[in-house]
Amino acid sequence: AQSVAQPEDQVNVAEGNPLTVKCTYSVSGNPYLFWYVQYPNRGLQFLLKYITGDNLVKGSYGFEAEFNKSQTSFHLKKPSALVSDSALYFCAVRDRSSGSARQLTFGSGTQLTVLP
Amino acid sequence: NAGVTQTPKFQVLKTGQSMTLQCAQDMNHEYMSWYRQDPGMGLRLIHYSVGAGITDQGEVPNGYNVSRSTTEDFPLRLLSAAPSQTSVYFCASSYSVTPGGGNTIYFGEGSWLTVV
Numbered sequence: 151a152q153s154v155a156q157p158e159d160q161v162n163v164a165e166g167n168p169l170t171v172k173c174t175y176s177v178s179g180n181p182y183l184f185w186y187v188q189y190p191n192r193g194l195q196f197l198l199k200y201i202t203g204d205n206l207v208k209g210s211y212g213f214e215a216e217f218n219k220s221q222t223s224f225h226l227k228k229p230s231a232l233v234s235d236s237a238l239y240f241c242a243v244r245d246r247s248s249g250s251a252r253q254l255t256f257g258s259g260t261q262l263t264v265l266p
Numbered sequence: 091n092a093g094v095t096q097t098p099k100f101q102v103l104k105t106g107q108s109m110t111l112q113c114a115q116d117m118n119h120e121y122m123s124w125y126r127q128d129p130g131m132g133l134r135l136i137h138y139s140v141g142a143g144i145t146d147q148g149e150v151p152n153g154y155n156v157s158r159s160t161t162e163d164f165p166l167r168l169l170s171a172a173p174s175q176t177s178v179y180f181c182a183s184s185y186s187v188t189p190g191g192g193n194t195i196y197f198g199e200g201s202w203l204t205v206v
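Protein sequences, first through last, are from chains G and R.
The numbers in the working numbering rise by one with no breaks, and the one at position 100 of the first sequence is 250.
The numbers in the working numbering rise by one with no breaks, and the one at position 43 of the second sequence is 133.
Structure follows, in structure tokens:
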């Protein structure tokens, strides 16, 4: 079975400071990993994904994430937070070696608040 | 560039009523799915389809039906609405699940459903 954990329900950070939103995963094989962002009353927007190759993945709006296989983590980071980054962030995983229709499994989400 | 379009945006139902949430995508995606989002639980898969005429159950299928008569459309039917089905519903699509398990899933803007 595949699973993903976002250990923090809420992350607060001051504008201009670096931010980190944590994600750990569990799969039987190797993972595909995704980050999505959701603004109030909107759908989920794709930020970035890890498929293979470089462990540091760069995505939209200045976000990046680092795949760490030994720690089974895929933390989302941004060097300098903006107030407009305040939103709900979801990590998701799919087991690369699983069956033909294995679905994405989402974490419970982390609410990021950037304080001015 | 419409992407994934869901209707209605908001709906209030009485217990026992039935209704259909509509979903259409204009990206020629093979894979379509329905998720529900509940506070603190992330997104949970209801039903999915890997192509026209093919549907399957996800994690929480009870009380819902789907059909996929065309590539573009994937309606979700609530057979007899219950208060437990009060939720936000998201339709999503991607090119395929396999072999490209790393394909990005794109989401609609959501349908807010309240069952009273």
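Beta carbons: idealized from backbone N, C-alpha and C, even for Gly.
Owing to the predicted nature of the structure, the values given are computational and were not obtained by experimental measurement.
Residues bridged to residue i (per DSSP)
| i | result |
| --- | --- |
| residue 161 (chain G) | G:262 |
| residue 146 (chain R) | R:138 |
| residue 181 (chain G) | G:245 |
| residue 228 (chain G) | G:169 |
| residue 199 (chain G) | G:184 |
| residue 176 (chain R) | Beta-bridge pairing links residue 176 (chain R) to no other residue. |
DSSP-derived helix/strand/coil call for residue i
| i | result |
| --- | --- |
| residue 233 (chain G) | helix |
| residue 141 (chain R) | strand |
| residue 211 (chain G) | helix |
| residue 157 (chain R) | coil |
| residue 220 (chain G) | coil |
| residue 183 (chain R) | strand |
| residue 170 (chain R) | coil |
| residue 189 (chain R) | Note on residue 189 (chain R): pLDDT 47, under 50, position unreliable in the model; the coordinate value appears next. Correct three-state label for residue 189 (chain R): coil. |
When the options are compared against residue i, the one with the closest alpha-carbon
| i | options | result |
| --- | --- | --- |
| residue 112 (chain R) | R:184, R:173, R:159, R:194 | R:159 |
| residue 260 (chain G) | G:253, G:266, G:242 | G:242 |
| residue 199 (chain G) | G:205, G:212, G:183, G:213 | G:183 |
| residue 195 (chain R) | G:187, G:196, G:181 | G:196 |
| residue 102 (chain R) | R:181, R:173, R:180 | R:173 |
| residue 155 (chain R) | R:140, R:167, R:162, R:134 | R:167 |
| residue 130 (chain R) | G:263, G:266, G:258 | G:258 |
| residue 193 (chain R) | G:212, G:180, G:201, G:170 | G:201 |
>> Closer than 8 Å is the cut-off here; do at least three beta carbon pairs connect the segment 174 to 194 of chain G with the segment 136 to 148 of chain R?
In response: As far as the Cβ criterion goes, the segment 174 to 194 of chain G does not touch the segment 136 to 148 of chain R, which means the pair count is below three.
> Got a sec: which bits of the segment 253 to 265 of chain G sit with their beta carbon under 7 Å from any beta carbon on chain R, in order along the chain?
Replying inline: Of all residues in the segment 253 to 265 of chain G, 253, 254, 256, 257, 258, 259 have a Cβ within less than 7 Å of some Cβ in chain R.
> How about the segment 100 to 120 of chain R and the segment 233 to 240 of chain G: do they share at least three Cβ pairs that are nearer than 8 Å?
Replying inline: Here the segment 100 to 120 of chain R makes no contact with the segment 233 to 240 of chain G; the two share fewer than three CB pairs at distances below 8 Å.
>> Any C-beta of chain G within less than 7 Å: which residues of the segment 126 to 144 of chain R qualify?
In response: Across the segment 126 to 144 of chain R, CB contacts with chain G closer than 7 Å involve 130, 131, 132, 133, 135, 138, 140, in sequence order along the chain.
> Given a limit of 7 Å on CB to CB distance, which residues of the segment 172 to 197 of chain G reach chain R?
Replying inline: Cβ contacts with chain R come from 182, 192, 193, 194, 196.
> Using Cβ-Cβ distances below 8 Å, what residues of the segment 155 to 168 of chain R are close to chain G?
Replying inline: Cβ contacts with chain G: none found.
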